[in-house]
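S.K.:
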Amino acid sequence: MCQNCQQQQGFLAELIDSGLLIDTGVDGLYGRSGLFEEVVARFDDLITRYGGQDGAEVARFPPAMNRQHFERSGYLKSFPQLAGTVHAFDGDERAHAQLLHDVADGVDWTAGQKSTDIVLTPAACYVLYPVVAKRGPVGKGGALFDLQSYCFRHEPSKDPARMQLFRMREYVRFGTPDQVTEFRAIWLERGQTMMASLGMPLEVDVANDPFFGRAGRMLANNQRDQRLKFELLIPIESVEKPTACLSFNYHQDHFGTTWGIKTEDGETAHTACVGFGMERVALALFKHHGFDVQKWPAAVRDVLWP
Ligand code: ATP
Ligand code: ZN
Ligand code: MG
99 MCQNCQQQQG FLAELIDSGL LIDTGVDGLY GRSGLFEEVV ARFDDLITRY
149 GGQDGAEVAR FPPAMNRQHF ERSGYLKSFP QLAGTVHAFD GDERAHAQLL
199 HDVADGVDWT AGQKSTDIVL TPAACYVLYP VVAKRGPVGK GGALFDLQSY
249 CFRHEPSKDP ARMQLFRMRE YVRFGTPDQV TEFRAIWLER GQTMMASLGM
299 PLEVDVANDP FFGRAGRMLA NNQRDQRLKF ELLIPIESVE KPTACLSFNY
349 HQDHFGTTWG IKTEDGETAH TACVGFGMER VALALFKHHG FDVQKWPAAV
399 RDVLWP
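Numbering of the sequence shown is given in our numbering, commencing with residue 99 and proceeding in unit increments.
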């Protein structure tokens, strides 16, 4: 066993010992076993059974986005601490020789790396807003999308539920304030029904995003006061501090204004999204029902393997 593994304790160590998660030597970066992926796929399917009837447009993107779109999105203003950028070698042969020397000497070789046109996707919906903006005003009924993406957040942790690269499924709604708040209200109900059907102990609470710095504290308070973000919480790593497995976000006109997205009658579109943390839900299932899926409660198995 590697030194890193010996230090790991509790649920993370059990997950790695059982093979469900595969250690890479970096906190928050794990491989997953076939069984883990089977559970993720079954949950993905369950989401579609709940949301599929709404006629969302399905779109899948690689886990990265256009750097210019990222800059304009405002992510760096709110969450600079979480962002991940893609850099690449862009030098001549001399620079290459220097690079190899630095690697061999164990000194920082990344200083010579140049930024590329690509950054890592921080949340599945960020790639979508510029795409929708480019299409022109959303129609009378608004618009609805079904997304799933790997997302990156620089938040290394020993908590297995806080990964640096994880998958987020999302439904994203565009339209009038009434249309998008109705969408969020429907999913707040559906989300609870869905997770209760998996035998999960859960609670729903208002929440805030980890806005950076002192100005960020005000943004976070405002987000709470206006009840713009709700989370569906399930105990995974701790009972006192349950983990957000689903989140329900009302952005008001934030993305509509940022990207110039309009409704049919020329008003700025409002947006909302519901996000499902795929690994977190799988971890919650293994935590509460055990590592042997054959022994999961029959009612839960019937929901996941209909
Ligand atoms: P937290 O409060 O735990 O940091 P969050 O508010 O940052 O969560 P969102 O930004 O709303 O989460 O992301 C949508 C969903 O993605 C969350 O409900 C959660 O299930 C999942 N998620 C967020 N961060 C992580 C992470 N680091 N590892 C795994 N899943 C995550
Ligand atoms: Zn979103
Ligand atoms: Mg977070």
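Glycine included, C-beta positions come from ideal geometry on N, C-alpha and C.
Are the CB atoms of Leu296 and Val391 nearer to each other than 8 Å?
M.R.: As a first step, residue 296 must be located in the sequence shown, where it is residue number 198. As a first step, residue 391 must be located in the sequence shown, where it is residue number 293. Taking 8 Å as the Cβ cut-off, Leu296 and Val391 do not qualify as a contacting pair.
S.K.: Under 8 Å, do Gln196 and Gly182 count as touching if we go by C-beta distance?
M.R.: Position 98 of the sequence shown, counted from the start, is the residue given in the question as residue 196. Position 84 of the sequence shown, counted from the start, is the residue given in the question as residue 182. Contact flag unset, no.
S.K.: Using a Cβ-Cβ cutoff of less than 6 Å, which residues in the same chain neighbour Ser131 once the five nearest sequence positions on both sides are dropped?
M.R.: Residue numbering aside, residue 131 sits at position 33 when the sequence shown is read from its first letter. Closer than 6 Å at the Cβ level, and outside the excluded window around Ser131, lie Gly117, Leu118.
S.K.: Would you identify the three-state DSSP class for Phe346, choosing helix, strand or coil?
M.R.: As a working note, residue 346 is residue 248 in the sequence shown. In the structure shown, Phe346 sits in a strand (DSSP, three-state: E or B).
S.K.: If you check the beta carbons only, do Pro299 and Ile332 fall under 8 Å apart?
M.R.: As a position in the sequence shown, residue 299 is number 201, starting the count at 1. As a position in the sequence shown, residue 332 is number 234, starting the count at 1. Cβ atoms of Pro299 and Ile332: closer than 8 Å.
S.K.: Going by Cα to Cα distance, which pick from Glu136, Met292, Ala154, Asp307 is closest to Gln179?
M.R.: Within the sequence shown, residue 179 is the residue found at index 81, counting from 1. Of Glu136, Met292, Ala154, Asp307, the residue nearest in Cα terms is Asp307.
S.K.: Please report the straight-line C-alpha distance between Asn451 and Leu263, rounded to a whole angstrom.
M.R.: There is simply no residue 451 to check, as the chain begins at 99 and stops at 404 in what is shown.
S.K.: Please classify Leu194 as buried or exposed, where buried requires at least 16 other C-beta atoms within 10 Å of its C-beta.
M.R.: The count along the sequence shown starts at 1 and reaches residue 194 at position 96. The amino acid occupying residue 194 in the given sequence is His; Leu does not appear at that position. So His194 counts as exposed.
S.K.: Run the CB neighbour count on Gln277, radius 10 Å, all protein chains shown included, and call it buried at 16 or more, exposed below.
M.R.: Here the question's residue 277 lines up with position 179 in the sequence shown. Burial call: buried.
S.K.: Tell me whether Pro258 counts as near ligand 3, meaning its Cβ is closer than 7 Å to at least one heavy atom of that ligand.
M.R.: The residue you call residue 258 lines up with position 160 of the sequence shown. Checking the Cβ of Pro258 against ligand 3 gives no.
S.K.: Counting beta carbon pairs with one atom in the segment 222–238 and one in the segment 156–170, are three or more of them shorter than 8 Å?
M.R.: With the cut-off at 8 Å, the segment 156–170 and the segment 222–238 touch.
S.K.: Can you name the start and end residues of the beta strand (DSSP E) that Lys256 belongs to?
M.R.: Taking the sequence shown and counting its residues from 1, one reaches residue 256 at position 158. Counting along the chain, Lys256 falls outside any beta strand (DSSP E), and DSSP gives it neither H nor E.
S.K.: How is the beta strand (DSSP E) around Gly311 delimited, first residue to last?
M.R.: As a working mapping, residue 311 is identified with position 213 in the sequence shown. First-last for Gly311: 311–323, but that is the alpha helix (DSSP H), not the beta strand (DSSP E).
S.K.: With DSSP collapsed to three states, give me the class of Asp244.
M.R.: Reading the sequence shown from its first residue, position 146 is the one you call residue 244. Looking at Asp244 - three-state DSSP - the assignment turns out to be strand.
S.K.: Tell me the start and end of each unbroken beta strand (DSSP E) in the segment 155–216 that is at least 3 residues and wholly inside, in chain order.
M.R.: Within the segment 155–216, the complete beta strand (DSSP E) runs of at least 3 residues are 155–158, 162–164, 183–186.
S.K.: Based on Cα-Cα distance, which residue from Cys343, Ala367, Asp363 lies nearest to Ala382?
M.R.: Residue 382 sits at position 284 when you count from the first residue of the sequence shown. Nearest option by C-alpha distance: Cys343.
S.K.: With hydrogens ignored, establish whether the beta-carbon of Gly373 is closer than 7 Å to any heavy atom of ligand 2.
M.R.: The count along the sequence shown starts at 1 and reaches residue 373 at position 275. Flag set: Cβ of Gly373 near ligand 2.
S.K.: Look at the alpha carbon of Lys212 and the alpha carbon of Thr341, and state the distance between them as a whole number of angstroms.
M.R.: As a working mapping, residue 212 is identified with position 114 in the sequence shown. As a working mapping, residue 341 is identified with position 243 in the sequence shown. In a straight line, the C-alpha of Lys212 is about 37 Å away from that of Thr341.
S.K.: With hydrogens ignored, establish whether the beta-carbon of Glu191 is closer than 7 Å to any heavy atom of ligand 1.
M.R.: Walking along the sequence shown from the start, residue 191 turns up at place 93. No, ligand 1 has no heavy atom inside 7 Å of this Cβ.
S.K.: How many angstroms separate the CA atom of Ala396 from the CA atom of Tyr173?
M.R.: Along the sequence shown, one-based indexing puts residue 396 at 298. Along the sequence shown, one-based indexing puts residue 173 at 75. Distance between the alpha carbons of Ala396 and Tyr173 is about 43 Å.
S.K.: Mind checking whether the beta-carbon of Asp206 lies closer than 7 Å to any heavy atom of ligand 1?
M.R.: Counted from its first residue, the sequence shown places residue 206 at position 108. It does not: the Cβ of Asp206 is nowhere closer than 7 Å to a heavy atom of ligand 1.
S.K.: Hey, could you find the ends of the beta strand (DSSP E) Glu329 is sitting in?
M.R.: The sequence position of residue 329 within the sequence shown is 231, counting from 1. Start and end: 327–332.
S.K.: Check for me: the alpha helix (DSSP H) holding Tyr227 runs from which residue to which?
M.R.: By one-based count along the sequence shown, residue 227 stands at place 129. 226–233 is the span of the alpha helix (DSSP H), which, as asked, contains Tyr227.
S.K.: Using a Cβ-Cβ cutoff of less than 8 Å, which residues in the same chain neighbour Gly314 once the five nearest sequence positions on both sides are dropped?
M.R.: As a position in the sequence shown, residue 314 is number 216, starting the count at 1. These residues qualify, in order along the chain: Ser176, Pro308.
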